[in-house]
Structure formats: structure tokens, C-alpha cells
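Sequential numbering of the sequence shown, starting at 4, is according to the numbering used here. Note that CB positions come from ideal geometry on N, CA and C, so glycine has one too. Values in this document were obtained by computation on a predicted structure and should not be read as measured data. Working notes, beginning with the structure itself.
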Amino acid sequence: MKKIIPFVIYLVLPFLVYPQGKIHTPKYCLFYDNHTMPAIPDVGENFDVEAFTDRIKACGVDYLTFHARCNLGMAYYDTKIGIKHPSLKYDLFGQLADACNRKGIALTAYLNGGISSAEGLKHREWTTLYFDGREYREPRFTPYVRTMCYNTAYRDHLIAMVEEIARNYPVSGFFIDCLQNFPCVCPVCVKEMKEKGIDWNNLNEVTKFSEFSALRLAEDIYKAATKINPNLLIYHNNPGYEEQSKFSTYFEVECLPAGAWGYEYLPVLSHYLRTLGDYPVLNMTGRFYDWGDFGGLRPGEAIKSELLYGLANGMRP
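Below, the structure is given as C-alpha cells:
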């Protein structure tokens, strides 16, 4: 019996720009959040791309976010740059991109910017180094055990993957996840901090430098992607909304009220984002209570309430 790889579904309703430059206003979006360990066999073996896209098309979906490379460092397309999942025997993302393009469903490529486990194992020099000299962080059972340094050769590697996807697939955008502030005192970071007169022994100063490094990478990703296709939707998850506003074309608000975010997060963020100008804002909620829950346990009334609250404040539900 083949193993079934679970997918986590987010529901959002964005504006979208097609690869050809045609501006589109979709009804709603699906965000598939799947991170697959390298040892899992038969990835995508029973995935029927045509049936899947027919089904979501029949539901009214015309904007889909899907993984090109997950936080485990596994690519789901035929990459010459990254690490393709070892049990994936075909170009899953490529076939999905083709089907979406034929059926009028715009596709955004997900890449995790701050976490890439397999690439961190292959290139230890790409990972962050904390003050105590450790590369691995506690707790070790989370994806954050190994984080990536934005100032090493990893930055060029990540940008190259974005360029590879933008050139080879009819994508409508990029969602760069976990571009977080990970304080790092690796030799590369220390060298630049010394050049800038930053005290690399001071946690507050190192933290500010890490924030700067994340935003600099976000800007470089934006420039590289839009040089290939100026009509892309681009959003970097985790940097401040105002701070990234010059190199993001829309915003997403990720919020699981029953999880780490709490029930005050969406009201505060939805009101705040109304002050930032004419950016499309997507209200990303989920059908699960918290990370690791694949049971679809949340009641429909809760999801409807959050989507309608966001809509009342200018967020696409």
C-alpha cells in the first residue's frame, strides 16, 4: 500500500498577475504547505495532476501556492541547482505549472528562505553560527534546528533557484517563507560587521545586522525575479511589512488564531495594514488548529468568521 503524503491547505483570496502580464482578480486561493523528509518513499507517485487541477478549478480556485522547495531543502522540480527529493521520479512542480497554465490557474512558487535542512547538511558553511559556537539550536525536533546564513554563498544559491524557476516555469509569483532574523556570528557575518563598525559581541547589534541581512536578501530576490518577469507577485514572510514594502508587490497575513498567533493578531494586523497604502493583502488562515495537525479539525464557522473579518478590513478572504 502506497503511503499518502499529507498536504496542509491554506485558504486565501488574492489579486494576481499572470506570467503573460494579464492582471487577474481571482475568487480565492489555496496554499499547500508540505515539507517532506528525504527518507519518505514514493513522493508524488499517485498524484494525478490533471484530476487535482480539475477539482480545484471546479471549486473556483484560480490562484495556487505550491512548494518548489520546502524547508527540508527538498526541491519538487527538475532543478540543476538545488536538491531534488530522492524519491520523486518526475517534475511534479513542472507538471503542475503546465496544468495550471492550461486551465487558467495562476501558480506561485513557494521556497523557504531561512530554512533548508538538506542544503545546510551538505554545506555546513551556509548555516548560522550562534554565540555559544553551536550551529544546531534547541529544540532539535523542529525545522529551526538548522537555519541558513543570508550572507554566505547560500544567498546566491537561493537567488539562482528563484531565477531558475522564473525562467523555466509559467509562475505568477514567489512566496519566500521564514526569512527571519537569525543572529549569526559566522566568519562571513563577523567580517562584514567589523567593516561596518558593528560590535559583533553585542546581541542587540548582531540582531539588527541580521534583520538588515534578511531585508537585503529580500530586495535581491525581488530584483532578480522581476528582471525576468516584472509582473510577478512577490512576498517575503516574516520581515516587517513596511520594511519590505519597496520590494514586495503584495502582503500576506499568516494567522492560526488557535495556534501561536492568538485571537488578537488578525484584528490588529488587519487594521494596521490599512495604513500602508494600496497593496493587495491576503488573509491566510488554515483548516487546522496548529502545526502538525493534518486532521482538518477547525469548524467551518471559525474559518468563515476570520475570512469575513479580514474582508471587512480590506483583506481578500
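Range covered by the beta strand (DSSP E) that runs through residue i
i: F69; result: 64-72
i: I162; result: Counting along the chain, I162 falls outside any beta strand (DSSP E), though it belongs to the alpha helix (DSSP H) covering 157-171.
i: G313; result: No beta strand (DSSP E) holds G313; the alpha helix (DSSP H) holding it covers 303-315.
i: A54; result: Premise fails: A54 lies in the alpha helix (DSSP H), 52-61, not in any beta strand (DSSP E).
i: V284; result: 284-289
i: N204; result: Where N204 is concerned, there is no enclosing beta strand (DSSP E), given that its DSSP letter is neither H nor E.
i: G176; result: 176-180
i: I237; result: 236-239
i: N115; result: 109-115
i: P254; result: It should be noted that the sequence gives Phe, not Pro, for residue 254. Note, F254: beta strand (DSSP E), 254-257.
i: Y35; result: 31-35
Nearest to residue i (by Cα), restricted to the options the options
i: Y244; options: M164, G262, L272; result: L272
i: K106; options: R219, C62, D296, E167; result: C62
i: N286; options: W129, N184, E222, R319; result: R319
i: E48; options: L259, S90, N74, L310; result: S90
i: K249; options: G116, K230, Y225, E257; result: Y225
i: K87; options: D135, H38, W129; result: H38
i: S213; options: T229, M196, L269, E222; result: M196
i: Y266; options: S308, P41, L220; result: S308
i: V385; options: A221, E304, C189, A228; result: Any answer about residue 385 is impossible in this case: the structure gives the chain only from 4 up to 320.
i: A228; options: E167, A263, K194, C258; result: E167
i: K83; options: H70, C192, H160; result: H160
i: Q183; options: A305, G303, N74, G299; result: N74
i: N154; options: P142, T131, R58; result: T131
i: K60; options: Y93, L110, M40; result: L110
i: D135; options: K199, G280, N204, R58; result: N204
i: Y66; options: A54, K211, L99; result: L99
i: C187; options: D223, P142, K199, S216; result: S216
i: L259; options: G280, I306, D223; result: I306
Sequence-distant residues of its chain with Cβ nearer than 8 angstroms to residue i (five each side left out)
i: F50; result: L95
i: R301; result: A261, G289, R290, F291, Y292
i: R140; result: Y133, Y147, V148, R149, T150
i: G97; result: Y80, D81, N171, Y172
i: R127; result: E138
i: K6; result: Legend: pLDDT at K6 = 41, less than 50; position of this residue unreliable, no value from coordinates given.
i: A156; result: H126, E128, W129
i: Y21; result: Confidence in Y21 is poor, its pLDDT being 42 and thus under 50, which makes the residue's placement unreliable; the coordinate value appears in the next sentence. Counting only Cβ-Cβ distances below 8 angstroms, and skipping sequence neighbours, we find H27, A109, S175, N234.
i: L206; result: F134, P186
Pair within 7 angstroms by beta-carbon distance, residue i and residue j
i: L114; j: I179; result: yes
i: G76; j: S119; result: yes
i: A102; j: V174; result: no
i: T56; j: F34; result: no
i: G123; j: C181; result: no
i: Y238; j: Y253; result: yes
i: N232; j: A169; result: yes
Assumed close pair residue i, residue j - CB separation to whole angstroms, cut-off 8 angstroms
i: R277; j: N316; result: 6 angstroms
i: V343; j: L236; result: Outside the displayed range of the chain (4 to 320) lies residue 343, so it cannot be described from this structure.
i: P41; j: A112; result: Contact flag wrong, Cβ pair sits at about 20 angstroms.
i: V191; j: C152; result: 7 angstroms
Sequence-distant residues of the same chain with beta carbon closer than 6 angstroms to residue i, five excluded per side
i: G85; result: R72, A78, M164
i: N240; result: D180
i: M4; result: Low confidence applies here, because M4 scores a pLDDT of 42, under 50, leaving its location unreliable and the question unanswered by this model.
i: R158; result: L220
i: Y312; result: none
i: Q23; result: Because Q23 sits at a pLDDT of 49, beneath the cut-off of 50, its placement in the model cannot be relied upon, and the following sentence gives the value as read from the coordinates. Hits under 6 angstroms: none found.
i: G299; result: R290
Where the alpha helix (DSSP H) through residue i begins and ends
i: M196; result: 190-198
i: G103; result: The sequence given here places Cys at residue 103; Gly does not occur at that position. First-last of the alpha helix (DSSP H) with C103: 95-106.
i: Y268; result: 268-276
i: A121; result: 120-125
Spatial neighbours of residue i in its chain, beta-carbon cut-off 7 angstroms, leaving aside the 5 residues before and after
i: L218; result: P242, E246, Q247
i: F185; result: G117, T131, T150, S213
i: D202; result: E208
i: E222; result: F250
i: W264; result: C258
Cβ of residue i within 7 angstroms of any chain B Cβ
i: T39; result: Absence of chain B from the displayed structure is noted, only one protein chain being present.
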